[in-house]
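Here is the structure we will look at, set down as structure tokens.
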Amino acid sequence: SLAPYIVSALLLFLLLEQLSYHVKKRNIPGPLFVPPIIGNAVSLVTDPTSFWDKQSATAGTSPGLSANYLIGKFIVYIRDTELSHQIFSNVRPDAFHLVGHPFGKKLFGDHNLIYMFGEDHKSVRRQLAPNFTPKALSTYTTLQQLVILRHLRQWEETFSSESSPPVSLRNLVRELNLETSQTVFVGPYLDKEARNMFRTDYNIFNLGSMALPIDLPGFAFGEARRAVTRLADTLSVCAGKSKARMAGGEEPTCLIDFWMQAIVEESPAPPHSGDEDIGGFLFDFLFAAQDASTSSLLWAVALLDSHPEVLRRVREEVARIWQHDSKITVDQLAEMKYTRCVAREVVRFRPPATMVPHVAAKDFALTTDVHYPKRYDCLSLGFTEPDRFDPDRFSETRNEDQVFKRNFLAFGWGPHQCVGQRYALNHLVLFIAMFSTLLDFKRVRSDGCDEIVYCPTISPKDGCTVVLSRRVAAFPDLPNDASLSPYILVSALLLFLLLEQLSYIRKKGNLPGPLFVPPIIGNAVSVVRDPTSFWYKQSALAGNSPGLSANYLVGRFIVYIRDTELSHQIFTNVRPDAFHFVGHPFGKKLFGDHNFIYMFGDDHKSVRRQIAPNFTPKALSTYSELMQVIILRHLRLWEESCNGPVSLRNLVRDLNLETSQTVFVGPYLDEEDKNRFRTDYNIFNLGTMTLPFDIPGSAFHKARMAVKRLANILAVCARKSKARMAAGEEPTCLIDFWMQPIVAEAASGNPPPPHSRDEEIGGFLFDFLFAAQDASTSSLLWAVTQLESKPDVLRRVREEVGSIWTPESNALITVDQLAEMKYTLNVAREVVRYRPPATMVPHVAAVDFPLTKTYTVPKGTIVFPSVFDSSFQGFTEPDRFDPDRFSEARKEDQVFKRNFLAFGWGSHQCVGQRYALNHLVLFIAMFSTLLDFKRVRSDGCDEIVYCPTISPKDGCTVFLSRRVAAYPDLTLN
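Structure, rendered in structure tokens:
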């Protein structure tokens, strides 16, 4: 009944929105109608160049303004230079606020220089003065040259061979500038790991700054905002380290040192000089320097290539001043007057940040709300032939930088004019001088290659694609003044090790666990050499309260969960913003991208729906027949070929591998493929139990490559099955049951369901193989050990099976007969409870997660809910092997359902548990009926070992003999 009112309210809101837009727009040119709520944000995000060109054209030269509407904000675009000056000159609390980005305050956070006014702003700018003294700029020049040279050398070595394709410089220049900013701004205070995290977070920020400003989990804008917080936190840590070093009387080696040196000398400390404030200000510098510099360097290369005369004059001037056998000094840099004119013209001709967003704090005589003073248009006005690239306009003869000073707004104007423009121009001059001197380059031109794109500053559409070659006989060997490098490296290493221990202790909190962990690899050696003892110790540490224990493995903090209810919290919170199921501590790297186990939400539900036909009664009946034929063949082979005691581990593994191959992909593997499959699966198995060093030659790397090959083979099987099912044939294996409805969907004219491409199916099939193969091997081995050590259980199994099926019938066990074997099923279930194959189910915390009232699992932690420990909680006499606990009379599978976690729980519970139990029941029935067996016992033979699922230490060594007069002659129907 509320629907009409809601609709009316919505229509009223949309009407008022349009009326508000028109009231604010008045007589300014702009669209007559704007899309509701988001305005023209989609046009801006999909093609910012066209959007702003249209705004500029609409503004014309009179009135020099145009209007539009973006995500609830009325905007005014300013083309006229004098009107832009009104904005820049009125940045104050009661007029205009500089925001740096249309949604900058939300994106950048609170500690930002660009949002300051008055005395606060003047105070911080005074603090910044030491950063740009001649001594400081000379220090930065040295650092800049070393970084530029290293990158130019790397570009030439990587991309200058005849076989190398042309290279787009955009990402290369971005990497150069990021390293330059990191080195110049915070120098020795970032270790390699921090630099890599920095790079990742800055890329996340870059993407988010160009996205719709939807600040929700999973959206690029929200991720960018969180990346800014992490970056500012990292930089605030650098500020604290620099203060400590400067307080110790050491010499400044980077920008933060020059800044902090003045601060630590003052007492009391000046306002806004706390580490957190400095971290935010440093991010402003990074944002201003990084992308703006990337833009200018790209346009410099593009314009030098298209203006050979300018390039010739630059090379002649640089060659006269610098012999490239030493660093360019500050005096030599000052002599490169023409090269500096080129740099200034690059900035004028293609200003990196074409607009400077401000917000109107109140009604202003100019207009309302958000304003974009347009640098690019301002720089195209006033100057002589402004559309021509002409460095001589900045010569001492013409002095157009003074004559048209009010039009040169690339570095802003007024109180918020860029404080680092001298630094930025020095960097651009150094790059132009070194790039043009050391390298020959030829632009690879394509249609529209010089068109402007925003990313987020402007760059050529093609990213400036060039062919590179070395121009000099040898690159210069510039000396590094960092004679303290060995000490810095050792200090950095010691600091890293200390921080690693402190991080472990902080994350550990009050959990039981080792007080100290070996650096870097943690206790990985212990878990690889003796996983059984390692995990028993973790379980013992967890105890019954708090049910948790901590440790550290190869850079990852881990939490072991013994308590069943806490394990349930993990299983029931598998979602993007809680826990991610990984299947192996380093599974995502090992298994690749196309994996069912890493899916969430609708994608996960969609694939589970596709899988449903794989486990219908008809499908399970088909698999049951295939299983029996394979089991019989292997049992006969074992009995006939083994004259003495034999370890069953490898024999059972081969049985299961053939079962998996035959049931999953049936006729689609030829003999050669099966052999390759067996080899690669063994390589994979070995790699899962080694240290996760992904370098060529290591077992882990070989395992990862083997997984790729296995998934590719399975993808080919998927394609063959689709073709066979499309021809109308009957399913004969799991992949057929899976593909049949998929091809039927396509045949009916509908698009194929998501995640049904061959390579995706191949990845999912490998997940099934991994889940079935080793888990089943484990259960079959423990079934034999328990049957042998429990004669009464073996007797009852044989009696039940003998009353339902006899080998003399030469008939397959039917599905109905299988259902009658209730005690045998109870034995199978008790095997799985008593010795769950996968004793733990690793997950990764995607966020800080409050697991108990006193402990929050830190983000990035690998948690190990112990299925094994849960199996020994709750149940009656849990340490006793007792199949009757699953009988109709006791029903412990229902009473203690929450403790029976061998097949998982929640949305990722095993889809093939019925298949797995059927296989185990069939094996127990046939093995105990057809063979007599006697265990060869040795010390510790029943101890648990991991390979990678658990099995008896001796591999279940037995004597085998035939129990029946003749093996049955089983054939498929």
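Under mature numbering (1 follows the signal peptide of the UniProt record, and there is no 0), residues -25 to -1, 1 to 948 are what the sequence shown spells out, in order. Every residue, glycine too, gets a C-beta built ideally from N, C-alpha and C.
For ARG445, the enclosing beta strand (DSSP E) covers residues 440 to 445. Measuring C-alpha to C-alpha distances from LYS302 to each of VAL933, GLU783 and ASP452 identifies ASP452 as the nearest. For ASN15, no alpha helix (DSSP H) segment is defined, and its DSSP state is neither H nor E. For ASP280, the three-state secondary structure derived from DSSP is helix. The DSSP-derived three-state label of LYS593 is helix.
The way I'd put it, the region 321 to 335 does touch the region 378 to 389; three or more beta-carbon pairs between them come closer than 8 Å.
Restricted to the region 694 to 741, not a single beta strand (DSSP E) segment is unbroken, complete and at least 3 residues in length. The beta carbon of ILE586 is closer than 6 Å to those of VAL886 in its chain, skipping five residues each way along the sequence. By the Cβ neighbour-count rule, SER764 is exposed, with fewer than 16 other Cβ atoms within 10 Å of its own. Looking at the backbone, the Cα of LEU906 and that of THR634 are separated by about 20 Å. According to the DSSP assignment, PRO435 belongs to the beta strand (DSSP E) that extends over 433 to 435. By the CB criterion at 8 Å, PRO327 and SER270 fall inside the cutoff. Straight across, the Cα-Cα distance linking TRP713 with LYS697 is about 9 Å. When the Cα atoms are used, LEU40 and GLU375 turn out to be separated by approximately 26 Å. Look at VAL621 here: in three-state DSSP terms it is strand. Counting C-beta pairs closer than 8 Å gives fewer than three between the region 279 to 292 and the region 215 to 224, which falls short of the contact rule.
In the three-state scheme derived from DSSP, where H, G and I count as helix and E and B as strand, VAL933 is classed as strand. When the alpha-carbon of THR781 is set against those of GLU647, PRO521 and TYR942, the nearest one is in TYR942.
Secondary structure note for ASN526: its beta strand (DSSP E) is the uninterrupted segment 523 to 528. If you look at PRO927, you'll find it in the beta strand (DSSP E) that goes 925 to 927.
For the 8 Å CB-CB criterion, ILE12 and GLY47 form a contact. In the DSSP annotation of this structure, the continuous segment of the beta strand (DSSP E) that includes ARG531 starts and ends at 531 to 536. ASN485 carries a coil assignment under DSSP once its states are collapsed to helix, strand and coil. Beyond the five residues adjoining it in sequence on each side, TYR809 comes within less than 6 Å, by CB distance, of PHE856 in the same chain, given in chain order. Comparing C-alpha distances from VAL66 to each of ALA336, LEU(-7) and VAL(-19) shows the shortest one belongs to ALA336. DSSP places SER184 in the uninterrupted alpha helix (DSSP H) bounded by 167 to 184. Cβ contact annotation for ARG205 (same chain, cutoff 7 Å, sequence separation greater than five): ASP176, in chain order. In the DSSP assignment, SER41 falls within the unbroken beta strand (DSSP E) covering 40 to 45.
Its chain contains LEU787, ILE788, LEU897, MET901 and LEU945 as the residues whose beta carbon lies nearer than 8 Å to that of GLN603, once the 5 sequence neighbours on both sides are disregarded; these appear in chain order.
DSSP links PRO825 through a beta bridge to THR831. In this structure, TYR(-5) keeps its C-beta atom at 8 Å or more from the C-beta atom of GLN30. Looking at the backbone, the Cα of HIS676 and that of ARG290 are separated by about 48 Å. Straight across, the Cα-Cα distance linking SER411 with LEU286 is about 7 Å. In the displayed model, PHE92 falls within coil according to three-state DSSP, outside both helix and strand. Rounded to whole angstroms, the Cβ separation of THR932 and ASP749 is 20 Å, and the two are not in contact under 8 Å. The continuous alpha helix (DSSP H) containing ILE658 extends over residues 646 to 662.
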